[in-house]
Every structure is written in C-alpha cells, then in structure tokens.
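The block underneath contains the structure these notes are about, expressed in structure tokens.
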C-alpha cells in the first residue's frame, strides 16, 4: 500500500493520469488500475472524476497528506540508513539512570563531543532494569548502569568502582566528631533518594544491616536538589563519592565524613551493549573511546 500511496501522490501533483504515467514510466491503464486498487483497499473514493479531470475528495485530501508524510519519513529513513552504512553520521542513543546522568555521563559526553563535534547523542533515562531491557531490545545502542550485568547476549565493561560517603553541612554537629560510625546515623535527620531508585535500595539495605533507622526528612531523586537542600535543612545524606567534587562541596558549604562501613556500598558502574558486530559505527566509537578514557585514569 505504501508504494501505491506514493503513486497516488504523484497523480495528485501532476493533476493528470497521462502526465503521471509518463513520470512513473507506467502505461495509463496500469496506473488507473493501481489507483482503483488503492481505492478498493481503502474502501473510499479518492477522486471525483469530471471528464478528464481528477478532483480530490475530502478523504482523498486526507490520503494525500498522509502520503506526503510517508514520503518524507521514507526519505529520512533512507538517508539515515545510507549514513549508517558509510559511517558519515555519528548518532548514538544512550540509556542511563537519572543518577548516572548527573554523575558519570556529562564528562563522557563532553569528551566524545570534543572529538566528534557534529555527533548527535540521544538519551533515554530509566531505572537500571529498564536500561538493561532497552539495550536487550535494541531501543538504545549503549547503556551505562551502576552495577555489573551478567546476562547472555549482553556485553558488560566495568568502568569504575564507587561507594557512598556521608555528606553534611559544614556546621553540622557531627562535623566536629573525631570518629563517625554507622550508629551515629540512628535518628539523624537525613535526605534520601526516592523509593524505587537503585541508591535508595542500597541505603535501605545498609540501614537494615547496621540496624540503623534515620529520621528521613525528604525523599528526592535529584543529586543537585539534595546537595542544595542539605545546608538549609541541616540534614545529612549518603551520596556517591564520584559525584562529590571539591568545588561542589565548597560552593554549598558541605563536608564529607568517611565512615569505614560505607565501603560495603561499593558498586561498579558499567557500560553495557549487545553484540559488538551489530553496533553502528558511532556506537562502536563510543564504546571504544569511553573504555579508553577510564583505562587511562
């Protein structure tokens, strides 16, 4: 039907079966049969025939609009396919959790764009299991997740290890303590991640294991929001070490307190993708350059 719609659009644009048949290199009877079959398939009349003139019906106008959109999408698809084959267009679709987006992804994107200024990067966000599914179903080229993934058909490249640290306002009562342990977090006002996030699951398991029940004041998904709210709420938070750049801490008058037990929250941020041979040239480039970037550190 798609080919027939393109033929139909040509007839509309030429306003004549005779002119359209010459342009399409079809005999006029063959072209008439194609239009008649399209009308039969759709169950509507596309033209009112007035002598030799063809006048679009209202449904015909609707069909013509659809045919033009289809033609446009077909051109886009064929152009993108050609660019995919010759590698001239660098387009990568990445999947990442919101937390990974805020911590790991910005420097990776900056490094990639420095080398490939015309590259196009598309981003899909979701929880870790959603990103794994998106990679498996080829909805994204590459995923970046805060865990190691062992699943048949997926490649997993570890990038770096991370763990949580206790973050406090500079003038928090615990800031002056010589030693802070997990039990100090019991009844401590804290901001934590929202339910369902990977970091919330991690902290809940940690609190349960250490028999600690903090005084949860807020549940938020955003690292940036947590960091900005800590000084005003006079609360504490557990945040990944990789996110805690010194400038960020200084700007928000925060300090980091090391608790030995938090080493148990170690997790590995990984790059995941499907079969290497099935990746686009751009996706292969992303994987290669990202892996090289972390290996050089």
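Residue numbers (this note's numbering): 51 to 347. C-beta atoms are modelled at their ideal positions from N, C-alpha and C, and glycine is treated no differently. Small disclaimer: the values here were computed from a predicted structure and weren't measured.
Selection from the options that minimises the alpha carbon distance to residue i
| i | options | result |
| --- | --- | --- |
| residue 55 | 157, 187, 112, 272 | 112 |
| residue 245 | 263, 325, 316, 269 | 269 |
| residue 280 | 219, 105, 108 | 219 |
| residue 202 | 215, 186, 97 | 186 |
| residue 225 | 282, 250, 306, 78 | 306 |
| residue 294 | 152, 166, 228, 65 | 152 |
| residue 241 | 296, 263, 92, 64 | 263 |
| residue 204 | 183, 223, 211, 217 | 183 |
| residue 181 | 247, 160, 166 | 247 |
| residue 275 | 160, 302, 296, 258 | 302 |
| residue 199 | 69, 324, 332 | 324 |
| residue 273 | 267, 63, 287, 265 | 287 |
| residue 83 | 257, 61, 101 | 61 |
Rounded straight-line distance, which links the Cα of residue j to that of residue i
| i | j | result |
| --- | --- | --- |
| residue 298 | residue 343 | 23 angstroms |
| residue 329 | residue 117 | 32 angstroms |
| residue 254 | residue 213 | 15 angstroms |
| residue 162 | residue 72 | 50 angstroms |
| residue 154 | residue 175 | 13 angstroms |
| residue 178 | residue 195 | 6 angstroms |
| residue 207 | residue 320 | 5 angstroms |
| residue 173 | residue 314 | 31 angstroms |
| residue 96 | residue 59 | 11 angstroms |
| residue 289 | residue 120 | 49 angstroms |
| residue 131 | residue 239 | 54 angstroms |
| residue 25 | residue 210 | The chain is shown from 51 up to 347; residue 25 falls before or after that span and cannot be answered. |
| residue 336 | residue 142 | 8 angstroms |
| residue 222 | residue 252 | 24 angstroms |
| residue 140 | residue 52 | 29 angstroms |
| residue 106 | residue 65 | 10 angstroms |
| residue 249 | residue 127 | 39 angstroms |
| residue 318 | residue 291 | 12 angstroms |
| residue 129 | residue 167 | 20 angstroms |
beta-carbon residue i near the ligand PLP non-hydrogen atom, thresh 7 angstroms
| i | result |
| --- | --- |
| residue 292 | Looking at this structure, you won't find the ligand PLP or any other ligand, since it has none at all. |
Bridge partner(s) assigned by DSSP for residue i
| i | result |
| --- | --- |
| residue 320 | 195, 208 |
| residue 141 | 170 |
| residue 200 | In DSSP, residue 200 forms no bridge with anything. |
| residue 146 | 175, 194 |
Residue i at chain D interface by Cβ criterion, 8 angstroms
| i | result |
| --- | --- |
| residue 236 | Considering every chain present, this structure includes no chain D. It has just one protein chain. |
Presumed contact (8 angstroms Cβ cut-off) between residue i and residue j, rounded CB distance
| i | j | result |
| --- | --- | --- |
| residue 158 | residue 191 | No, residue 158 and residue 191 are not in contact; Cβ-Cβ is about 14 angstroms, not under 8 angstroms. |
| residue 81 | residue 104 | Incorrect: roughly 11 angstroms between the Cβ atoms, too far for contact. |
| residue 260 | residue 300 | Not quite, the Cβ-Cβ distance comes to about 30 angstroms (not below 8 angstroms), so this is no contact. |
| residue 304 | residue 230 | The pair is not a contact, with the Cβ atoms about 15 angstroms apart (cut-off 8 angstroms). |
Just to confirm the assignment: which complete alpha helix (DSSP H) runs, minimum length 4, are found wholly within the stretch 202-274?
248-259
Contained beta strand (DSSP E) runs [length at least 3] in the stretch 63-121, N- to C-terminal order
97-100, 103-106
Completely contained alpha helix (DSSP H) runs for the stretch 280-307, where each covers 4 or more residues
296-301
What are the start and end residues of each continuous alpha helix (DSSP H) run of 4 or more residues lying completely inside the stretch 156-192, in chain order?
178-186
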